[in-house]
Amino acid sequence: MRQDVPLISELAEMATAAGDFARSRQRELSLSVMSKGHLDFVTDVDRAVEAMISSRISRLFPEDGIIGEEGHNLSSKSGHTWIIDPIDGTHNFVRGGSSWGVSIGLASDRPIGAALNAPVEGTLLVAESGKGVWRNGEKLPMRGRSTELSIAHTGVSTWMSTDNDRWLSGFVRDELGLADRRTGSAVTSLIAVILGEADLYIGFGEHIWDVAGAAIIAAEVGCAHSLDWSAGLPQGPFAFVCGEPALVERTSRALESLATIS
Numbered sequence: 123m124r125q126d127v128p129l130i131s132e133l134a135e136m137a138t139a140a141g142d143f144a145r146s147r148q149r150e151l152s153l154s155v156m157s158k159g160h161l162d163f164v165t166d167v168d169r170a171v172e173a174m175i176s177s178r179i180s181r182l183f184p185e186d187g188i189i190g191e192e193g194h195n196l197s198s199k200s201g202h203t204w205i206i207d208p209i210d211g212t213h214n215f216v217r218g219g220s221s222w223g224v225s226i227g228l229a230s231d232r233p234i235g236a237a238l239n240a241p242v243e244g245t246l247l248v249a250e251s252g253k254g255v256w257r258n259g260e261k262l263p264m265r266g267r268s269t270e271l272s273i274a275h276t277g278v279s280t281w282m283s284t285d286n287d288r289w290l291s292g293f294v295r296d297e298l299g300l301a302d303r304r305t306g307s308a309v310t311s312l313i314a315v316i317l318g319e320a321d322l323y324i325g326f327g328e329h330i331w332d333v334a335g336a337a338i339i340a341a342e343v344g345c346a347h348s349l350d351w352s353a354g355l356p357q358g359p360f361a362f363v364c365g366e367p368a369l370v371e372r373t374s375r376a377l378e379s380l381a382t383i384s
């Protein structure tokens with residue numbers, strides 16, 4: 123860690139620079155869009171943003187590891203690993219939408235710090251474990267509990283069975299009694315949970331880069347989540363739950379009986 127710059131400031135600088143660059147490129151009329159699978163896309167901007175963040179990390183923290191969605195994978199010598207999703211919500215990004223964001227997380231066998239930047243929506247969240255969360259430079263209070271008009275955000279990977287999709291929608295509506303919303307971006311959905319605009323997020327087919335940064339920040343405002351840092355970083359797709367603790371516990375119990383869902 124750079125001794126002259128606090129971690130919070132470093133995270134904010136990285137996420138801000140990445141978000142500003144991506145937003146400037148989003149305004150261009152021509153983007154190189156490539157398919158990674160069924161309804162799963164990557165642009166040259168995704169790759170450029172990941173390279174930008176990874177280069178800065180390698181320069182400032184050469185002993186740290188890196189895991190990035192678009193292929194950066196560097197083993198850690200320090201025990202610290204940076205987890206990057208350069209643009210979460212690429213579909214929305216390509217279409218000129220606002221619901222996309224940059225996610226940066228730092229963890230070892232415990233969470234260390236994170237930043238989420240949704241630049242079009244104007245939200246930058248940064249956190250250091252045990253020290254709280256800052257939104258656009260101002261300290262966030264602990265998240266209050268919702269008592270009515272409860273909302274869940276959900277996400278299902280496009281390669282998953284439509285049976286999973288139907289089960290999730292029914293569970294949220296009929297078992298939890300919540301309104302179901304989908305943004306097409308785990309980052310912006312989880313920002314809504316962190317800010318108290320939604321009560322729960324359930325994602326099927328998530329990868330660690332999709333949710334690591336948000337999980338670190340959400341815990342700092344009193345949310346529960348299903349990641350177990352001490353078990354190591356998940357290597358494949360998994361189900362992820364985050365939000366109001368009682369709802370997370372109830373959802374996690376239901377998911378235990380659905381071993382085929384990731």
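Residue numbering for the sequence shown follows this note's numbering, beginning at 123 and increasing consecutively. Glycine included, C-beta positions come from ideal geometry on N, C-alpha and C. The structure presented is a predicted model; accordingly, all values stated were derived computationally and were not measured.
Problem - Any non-hydrogen atom of the ligand GTP closer than 7 angstroms to Ala237 Cβ - result: With respect to small molecules bound, the structure shown includes none, and the ligand GTP cannot be examined in it.
Practice task
For Gly159, count neighbouring C-beta atoms within 10 Å of its own C-beta (all shown protein chains included) and say buried if the count is 16 or more, exposed if not.
Solution key: Confidence at Gly159 is low in this model, with a pLDDT of 47, below 50, so the placement of that residue should be treated as unreliable; the coordinate-derived value is given next. By the C-beta density criterion, Gly159 is exposed, having fewer than 16 other C-beta atoms within 10 angstroms.
Problem - His275, DSSP secondary structure in three states - result: Of the three classes helix, strand and coil, the one that applies to His275 here is strand, per DSSP.
Practice task
From the DSSP output, in three-state form, read off Phe215 for me.
Solution key: Helix at Phe215.
Handout entry: Contained alpha helix (DSSP H) runs [length at least 4] in the stretch 347-384, N- to C-terminal order
Key = Correct list: 367-378.
Exercise for the section: Determine the DSSP secondary structure at Ser225, reduced to helix, strand or coil. Expected result: Strand.
Practice task
Report buried or exposed for Gln125, applying the criterion of at least 16 other Cβ atoms within 10 angstroms of its Cβ.
Solution key: Model confidence at Gln125 stands at a pLDDT of 49, short of 50, so the residue's coordinates are unreliable; what they give is reported in the following sentence. Counting every other CB atom within 10 Å of its CB across the protein chains shown gives Gln125 a total below 16, marking it as exposed.
Problem - Ile209 versus Leu298: straight-line alpha-carbon distance, rounded - result: About 30 angstroms.
Practice task
Identify, in the order they occur along the chain, each residue of the same chain with its Cβ nearer than 7 angstroms to the Cβ of Phe293, setting aside the five sequence neighbours on each side.
Solution key: Only residues of its own chain outside the window of five on either side were considered, and among them Ala376 have a CB closer than 7 angstroms to the CB of Phe293, listed in chain order.
Handout entry: Sequence ranges, beta strand (DSSP E) only - wholly within the stretch 229-261, length at least 3
Key = Segments of the beta strand (DSSP E) lying fully in the stretch 229-261: 233-240, 245-250 and 254-257.
Practice task
In the DSSP assignment, find the unbroken alpha helix (DSSP H) run with Phe143 in it and report its ends.
Solution key: That run of the alpha helix (DSSP H) goes Leu129 to Gln148.
Problem - Three-state secondary structure (DSSP) of Thr310 - result: Helix at Thr310.
Problem - Rounded C-alpha distance that separates Ala134 from Ala368 - result: Going by the C-alpha atoms only, they are around 31 angstroms apart.
Problem - Those residues which DSSP pairs with Arg303 across a bridge - result: According to DSSP, Arg303 bridges with His275.
Handout entry: Where Glu172 falls: helix, strand or coil (DSSP)
Key = Residue state for Glu172 is assigned as helix, using DSSP reduced to three classes.
Handout entry: Minimum Cβ-Cβ distance from Gln148 to chain D less than 8 angstroms
Key = As a matter of chain content, chain D is missing from the structure shown, which is built from one protein chain.
Problem - CA-to-CA distance, Leu182 to Ile339, given in whole angstroms - result: Put simply, the backbone Cα of Ile339 is about 23 angstroms away from that of Leu182.
Exercise for the section: Measuring alpha carbon to alpha carbon, tell me which of Leu300, Gln148, Asn286 and Thr284 ends up nearest Arg372. Expected result: For Arg372, the closest C-alpha among the options Leu300, Gln148, Asn286 and Thr284 is that of Leu300.
Handout entry: Nearest-angstrom Cα separation, counted from Trp256 out to Met282
Key = In this model, Met282 and Trp256 are separated by some 35 angstroms (Cα to Cα).
Handout entry: Met264 to Thr245 span [Cα, whole Å]
Key = The straight-line gap from Cα to Cα measures roughly 17 angstroms.
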